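Peer 1: Each number in my numbering comes from the position in the sequence shown (counting from 1) with 5 added on.
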Amino acid sequence: MAEVAKVALVTGAAQRIGAVIARTLHYQGYRVLLHYRRSFACAEALAQELNAIRTDSCRLLQADLEQMDQVEQLAVEATNSFGRIDLLVNNASDFYPTPLESSDQQQWDSLINSNLRGAYFLCARLADQLKQHNGAVINLIDIHAQRALPGYPIYSIAKAGLQMMTLSLAKELAPEVRVNGVAPGPILWPEAAAAISPAEQQAILDKTLLGRAGTPEDIASAVAFLARAPFITGQVLAVDGGKSLYSH
Ligand SMILES: NC(=O)c1ccc[n+]([C@@H]2O[C@H](COP(=O)([O-])OP(=O)(O)OC[C@H]3O[C@@H](n4cnc5c(N)ncnc54)[C@H](OP(=O)(O)O)[C@@H]3O)[C@@H](O)[C@H]2O)c1
6 MAEVAKVALV TGAAQRIGAV IARTLHYQGY RVLLHYRRSF ACAEALAQEL
56 NAIRTDSCRL LQADLEQMDQ VEQLAVEATN SFGRIDLLVN NASDFYPTPL
106 ESSDQQQWDS LINSNLRGAY FLCARLADQL KQHNGAVINL IDIHAQRALP
156 GYPIYSIAKA GLQMMTLSLA KELAPEVRVN GVAPGPILWP EAAAAISPAE
206 QQAILDKTLL GRAGTPEDIA SAVAFLARAP FITGQVLAVD GGKSLYSH
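(1) Using a Cβ-based criterion (distance less than 8 Å to any ligand heavy atom), does Lys164 qualify as near ligand 1?
(2) Is Arg64 helix, strand or coil when you go by DSSP?
(3) Based on Cα-Cα distance, which residue from Asp74, Phe230 and Leu116 lies nearest to Pro158?
(4) Using 8 Å as the cut-off, classify the Cβ of Phe126 as near or not near the heavy atoms of ligand 2, replying yes or no.
(5) May I have the straight-line CA-CA distance separating Gly88 from Ala197, to the nearest angstrom?
(6) Within 8 Å: the Cβ of Asn120 and any heavy atom of ligand 1?
(7) DSSP three-state call for Val241: helix, strand or coil?
(8) Using only alpha-carbon positions, find the residue among Ser107, Leu93, Ala225 and Tyr41 that is nearest to Leu174.
(9) One question on the structure: do Asp91 and His138 come within less than 9 Å of each other, judged by their Cβ atoms?
(10) From the DSSP secondary-structure annotation, give me the bridge partner or partners of Val94.
(11) If we require 3 or more residues per run, which beta strand (DSSP E) segments fall completely within the region 111–195?
(12) Using only CA atoms, which one of Ala225, Ser202, Gln206 and Leu145 lies nearest to Gly216?
(13) Output the boundary residues of the beta strand (DSSP E) element that contains Leu39.
(14) From Ala124 to Ser252, what distance separates their C-alpha atoms?
(15) Pull up the distance between the alpha-carbon of Arg43 and that of Gln67, whole angstroms please.
(16) Looking at C-alpha atoms only, which residue of Gln110, Val228 and Ala165 is the closest neighbour of Gln151?
(17) Could you check what DSSP says for Lys212 in three-state terms: helix, strand or coil?
(18) Below 8 Å on the Cβ atoms is my contact criterion, and I expect Ala18 with Ala10 to pass it. Report the Cβ-Cβ distance as a whole number of Å.
(19) What separation, rounded to the nearest whole angstrom, lies between the Cα atoms of Ala204 and Ile192?
(20) Got a sec, what are the start and stop residues for the alpha helix (DSSP H) Val9 sits in?
(21) Within 8 Å: the Cβ of Tyr157 and any heavy atom of ligand 1?
(22) Excluding the five sequence neighbours on either side, which residues of its own chain have a C-beta within less than 6 Å of the C-beta of Ala225, listed in chain order?
(23) Along the chain, where does the alpha helix (DSSP H) containing Glu106 start, and where does it finish?
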């Protein structure tokens with residue numbers, strides 16, 4: 006009898022790094038649940054692309070992870086969609102500066118909830134499914150979880166929480182489920198208006214050992230590796246061109 010294809014839920018998967026993670030996992034045989042919040046057109050185009058390769062191998066799920074009821078709903082829909090979950094990739098993330106003195110509770114809620122609370126409760130609600138299938142969780146963290154990004158205190162705090170969540174849930178979900186993280190360095194610059202100037206971009210790249218930005222494929226390869234690394238749990242892999250080691 007043919008082996009049933011595993012199912013991966015990738016959050017924030019409509020575009021950029023999440024879309025490349027989804028494509029990579031799909032290429033490796035996973036059925037993919039593409040979660041998106043607002044980017045419906047991109048999500049739908051990607052789903053069509055993947056379904057053209059294998060019929061009904063990709064489905065869309067919409068949710069704003071800031072809203073707890075939508076997180077709960079997403080977990081239910083994800084479980085019911087293909088009837089199993091083998092891999093959860095917590096990739097969705099809000100990212101914008103929050104200067105300390107002007108920061109407010111709305112910013113706190115959106116950054117903490119999109120980067121940390123949503124990921125935590127998806128793990129909690131999908132834990133039974135993941136255990137049943139000896140599954141895995143992979144969290145997209147950031148090298149700035151360890152060294153705060155100036156001007157981005159709430160984001161840095163959220164990612165530090167996600168890093169500790171990776172270690173903590175590796176203990177909570179062992180031995181059935183492995184939980185790991187990938188901590189990207191500079192990969193894709195933010196698209197927001199507050200985007201970083203070319204000179205600032207170069208200054209950041211100059212502070213990596215490899216002297217260049219990485220690609221979404223570098224991150225997706227690390228995710229795919231951790232997804233099938235049976236003796237690795239509770240680890241965070243920096244994929245940062247040596248930025249976290251740079252010292253001069
Ligand atoms: N880009 C980099 O160089 C870099 C560096 C370090 C770490 N990372 C981490 O790697 C991951 C991917 O990076 P990226 O730059 O590709 O991410 P991104 O484009 O900034 O965000 C990915 C997706 O997150 C979704 N999202 C944001 N807030 C949400 C919410 N409240 N509810 C649900 N979804 C929400 C958005 O979905 P919609 O578009 O559908 O609304 C967005 O497309 C992130 O976790 C990021 O923190 C990236």
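Each residue gets a CB set at the ideal place from its N, CA and C atoms; glycine is no exception. These figures come from a predicted structure and were not determined experimentally.
Peer 2: The relevant details are as follows:
(1) Distance from the C-beta of Lys164 to the nearest heavy atom of ligand 1 is below 8 Å.
(2) Here Arg64 sits in strand by DSSP.
(3) Of the candidates Asp74, Phe230 and Leu116, the one whose C-alpha sits nearest the C-alpha of Pro158 is Leu116.
(4) The model on display carries ligand 1 but not ligand 2.
(5) If I take the Cα positions, the gap works out to 37 Å.
(6) Ligand 1 has a heavy atom closer than 8 Å to the beta-carbon of Asn120.
(7) DSSP places Val241 in strand when its eight states are reduced to three.
(8) Closest by alpha carbon: Leu93.
(9) When the beta-carbon positions are compared, Asp91 and His138 come within less than 9 Å of each other.
(10) Residue pairing by DSSP places Val94 opposite Val15 and Ile143 in a beta bridge.
(11) Taking 3 residues as the shortest admissible run, the region 111–195 contains the following complete beta strand (DSSP E) segments, listed from N- to C-terminal end: 141–145 and 183–189.
(12) For Gly216, the nearest C-alpha among the options comes from Gln206.
(13) Secondary structure note for Leu39: its beta strand (DSSP E) is the uninterrupted segment Arg36 to Tyr41.
(14) Computed Cα separation, rounded: 32 Å.
(15) Distance between the alpha carbons of Arg43 and Gln67: 8 Å.
(16) Among Gln110, Val228 and Ala165, the Cα nearest to that of Gln151 belongs to Ala165.
(17) Coil, per DSSP.
(18) Incorrect: roughly 17 Å between the Cβ atoms, too far for contact.
(19) Rounded to whole angstroms, the gap between the alpha carbons of Ala204 and Ile192 is 16 Å.
(20) Neither: Val9 is in no alpha helix (DSSP H) and is coded neither H nor E.
(21) Flag unset: Cβ of Tyr157 not near ligand 1.
(22) Closer than 6 Å at Cβ, skipping near neighbours: Val25, Ile26 and Thr29.
(23) No alpha helix (DSSP H) holds Glu106; DSSP gives it neither H nor E.
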